[in-house]
Amino acid sequence: MLELRHFKLVAAVADTGSLAAASRQLHLTSSALSHQLRDAEERLGVQLFQRRQRRLLLTGAGEKLLLSARRVLSEVAQAEAVCRAHPQDDLLRLSTGCYTVYGWLPPILGQWQAEHPRVELRIVLEATRQPLGALLDGQLDLALTPDVPKQARLARTPLFEDELMLVVPEAHAFAQRAHVTAQDLVREHLLTYAAPREQLDVFTRVLWPAGLEPQRVSPVPLTEALIELVRGGIGVTALPEWMLPTQRQGLRTVRLTPRGVRRRWSAVTRASRQRSAPLARFIELLGERFSEGTPGPPRRATARPGVARRVRRRGATPGHPTS
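For the sequence shown, position 199 (counting from the first letter as 1) is numbered 186 according to this note's numbering, and the numbering increases by one without interruption.
Structure, rendered in structure tokens:
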């Protein structure tokens, strides 16, 4: 079954005539859109576009899908407009670009909830894979995510930086290396989060820019499972340092590419909407947490008693889609 992102892709490519132009419109890389288009065609079993003189033109099947896509996108936009016309100051909808963020958020949530006991905090886990799209579509009030593109529709508050590292067993040949390259990863058993590859930095920022695909990839839904599989010598994975446990017996981290893969995390809202007092305070607390210049969030922070009971979660799914 196609997803809303596929409809947006078909409409954008049809309007612009190329993946490069569509990527600027959708705020995704051309490589990510290329893989997304291939995924849509594989799901449908038909070709949607054909290349003619450096332009992508719709096939017959593509034209039929475009009609449906425009109708679906129009109805979704109308529904979102109705919801945005009646914002709720007693509700804060939050999602992140990483499920593991919820490991260090509870202390901040606890302080904020104590100050705003009448405001419901709704963590929208199903928006984790595409928090910026959900934010712009009116499904979120706040997104915590890395590498936010500059655009007029988004307002950003910088939080912290981290670096994506390759995690390997301590006996691995890479363990004593200063860095690894995309070519090195091709021969490895790569363990990733269970998410589309266009949402995984190890693909979009390491492998695909080099025009490479690993020989063996295994999706794993849980951070803890990823770490233990690497510890057991099953494969390698890409994680920032702050996601690793304090006790690292059996594990080593190696820089990805000579320059490294650094990410800048921000608290993001829609620029068109005035921030409510609860939303502004939440962002202020986040800023205070990272104002000390720490390189990233703490590892394995524990929730304050009662915080979990006050947070309404929707569509809980473990994992982390941006590594």
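From the three backbone atoms N, C-alpha and C, an ideal C-beta is built for every residue, glycine too.
State the DSSP-derived secondary structure class of residue i, mapped to helix, strand or coil.
| i | result |
| --- | --- |
| residue -3 | helix |
| residue -12 | coil |
| residue 148 | strand |
| residue 37 | strand |
| residue 225 | strand |
| residue 166 | strand |
| residue 133 | strand |
| residue 106 | coil |
| residue 153 | strand |
| residue 206 | strand |
| residue 260 | coil |
| residue 3 | helix |
| residue 42 | strand |
| residue 174 | coil |
| residue 254 | strand |
| residue 235 | coil |
| residue 218 | helix |
In angstroms, rounded to a whole number, what distance separates the CA positions of residue i and residue j?
| i | j | result |
| --- | --- | --- |
| residue 109 | residue 96 | 11 Å |
| residue 207 | residue 182 | 9 Å |
| residue 58 | residue 262 | 31 Å |
| residue -2 | residue 44 | 12 Å |
| residue 260 | residue 129 | 11 Å |
| residue 275 | residue 85 | 21 Å |
| residue 28 | residue -4 | 12 Å |
| residue 268 | residue 233 | 31 Å |
| residue 107 | residue 204 | 39 Å |
| residue 312 | residue 21 | Given a span of -12 to 310 for the chain in the structure shown, any question on residue 312 remains unanswerable. |
| residue 202 | residue 195 | 13 Å |
| residue 264 | residue 77 | 10 Å |
| residue 248 | residue 235 | 21 Å |
| residue 88 | residue 253 | 12 Å |
| residue 40 | residue 180 | 38 Å |
Report the option in the options whose CA atom is closest to the CA atom of residue i.
| i | options | result |
| --- | --- | --- |
| residue 147 | 27, 278 and 255 | 278 |
| residue 184 | 2, -6 and 25 | 25 |
| residue 154 | 172, 241 and 21 | 241 |
| residue 221 | 113, 158 and 251 | 158 |
| residue 170 | 156, 197 and 161 | 197 |
| residue 176 | -7, 217, 15 and 187 | 217 |
| residue 230 | 156, -12 and 149 | 149 |
| residue 189 | 227, 219 and 156 | 227 |
| residue 64 | 219, 239, 187 and 123 | 123 |
| residue 62 | -9, 40, 50 and 138 | -9 |
| residue 49 | 33, -12, 105 and 180 | 33 |
| residue 30 | -12, 138 and 105 | -12 |
Return the chain-ordered list of same chain residues with a C-beta closer than 6 Å to the C-beta of residue i, the five sequence neighbours on each side being excluded.
| i | result |
| --- | --- |
| residue 42 | 4 |
| residue 213 | 178, 207 and 224 |
| residue 136 | 14 |
| residue 167 | 153, 161 and 241 |
| residue 199 | 169 and 173 |
| residue 164 | 241 |
| residue 23 | -4 and 185 |
| residue 270 | 144 and 254 |
| residue 282 | Here residue 282 scores only 47 on pLDDT, less than 50, and its place in the model is too uncertain to base an answer on. |
| residue 103 | 265 |
Check whether the Cβ atoms of residue i and residue j lie closer than 7 Å to each other.
| i | j | result |
| --- | --- | --- |
| residue 131 | residue 225 | no |
| residue 258 | residue 140 | yes |
| residue 255 | residue 143 | yes |
| residue 191 | residue 19 | yes |
| residue 272 | residue 99 | yes |
| residue 243 | residue 173 | no |
| residue 250 | residue 133 | yes |
| residue 101 | residue 53 | no |
Excluding five sequence neighbours on each side, which residues of the same chain lie with their C-beta closer than 7 Å to the C-beta of residue i?
| i | result |
| --- | --- |
| residue 17 | 6, 7 and 10 |
| residue 311 | Since the displayed the chain opens at -12 and closes at 310, residue 311 lies outside it and no answer follows. |
| residue 365 | This structure gives no information on residue 365, because the portion of the chain shown stretches from -12 to 310. |
| residue 105 | 77 |
Relative to the ligand PLP, is the shortest distance from any of its heavy atoms to the C-beta of residue i smaller than 6 Å?
| i | result |
| --- | --- |
| residue 198 | The ligand PLP is absent from the structure shown, which contains no ligands of any kind. |
Counting only beta-carbon atoms, is residue i nearer than 7 Å to chain B?
| i | result |
| --- | --- |
| residue 130 | Of the protein chains in this structure there is only one, and it is not chain B. |
Leaving out five residues on either side along the sequence, give the residues of the same chain with a beta carbon under 8 Å from the beta carbon of residue i.
| i | result |
| --- | --- |
| residue 127 | 80, 81, 82, 111, 114, 118 and 121 |
| residue 238 | 154, 155, 156, 157, 214, 217, 218 and 231 |
| residue 12 | -1, 2 and 3 |
| residue 38 | 44 |
| residue 35 | -3, 24, 27, 28, 45, 46, 48, 49 and 52 |
| residue 138 | 14 |
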